[in-house]
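Enquirer: Got a structure for you, written out below as structure tokens; questions coming shortly.
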Amino acid sequence: MYKEASRVLKKGGLLMVGFMNPWIYMYNADIVWDKPDEELFLKFPLPFNSKELEEEGKITINPEYGYEFSHTLETQIRGQLKNGLAMIDFYESCDKRHRLSRYGNDYIATLSIKL
3 MYKEASRVLK
13 KGGLLMVGFM
23 NPWIYMYNAD
33 IVWDKPDEEL
43 FLKFPLPFNS
53 KELEEEGKIT
63 INPEYGYEFS
73 HTLETQIRGQ
83 LKNGLAMIDF
93 YESCDKRHRL
103 SRYGNDYIAT
113 LSIKL
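Its first residue numbered 3, the sequence shown is counted upward by one per residue in this note's numbering.
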């Protein structure tokens, strides 16, 4: 993805990217959102791929929401840096609607410039 973004950006062009903090995907979303009294435990390795997990019978996907895929921080950040982009800003945000936000930020945004 970043290779293609870098290819089409002109020198000095900006790329703003937002993504979920990968650690969020390590927990069962049903328990995080719908069962606040149940104990949280790590369930899934990264990177998270709900399509593969569904095919393996480990989860069921609600068609209303579709598939979700995560990437590691290395894939996200290094992918930008190794493809001719320089990160010039970084932001984290928190979604206070669920209990994981008590432990860390849910969302990450980066701003990079094409060198």
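Even glycine gets a Cβ: it sits at the ideal position worked out from N, Cα and C.
1. Helix, strand or coil, according to DSSP, for serine 52 in the structure here?
2. Quick check: the stretch 19 to 27 against the stretch 71 to 79, are there 3 or more CB pairs under 8 Å?
3. Identify the residues that DSSP records as bridge partners of glutamate 94: which are they?
4. May I ask which residues mark the beginning and end of the beta strand (DSSP E) holding leucine 17?
5. Pull up the DSSP beta-bridge partners for tyrosine 29, would you.
6. Would you mind giving the Cβ-Cβ distance between glycine 86 and serine 8, rounded to the nearest angstrom? I have them listed as a contact below 8 Å.
7. With contact counted as at least three CB pairs below 8 Å, one residue from each stretch, are the stretch 56 to 71 and the stretch 88 to 106 in contact?
8. Note down the Cα distance separating isoleucine 33 from phenylalanine 43, rounded to an integer number of angstroms.
Expert: Concretely, from the data shown:
1. Reduced to three states, the DSSP call for serine 52 is helix.
2. yes
3. Ile110
4. 16 to 22
5. Residue pairing by DSSP puts tyrosine 29 in a beta bridge opposite Leu44.
6. 5 Å
7. no
8. For isoleucine 33 and phenylalanine 43, the distance between alpha carbons rounds to 9 Å.
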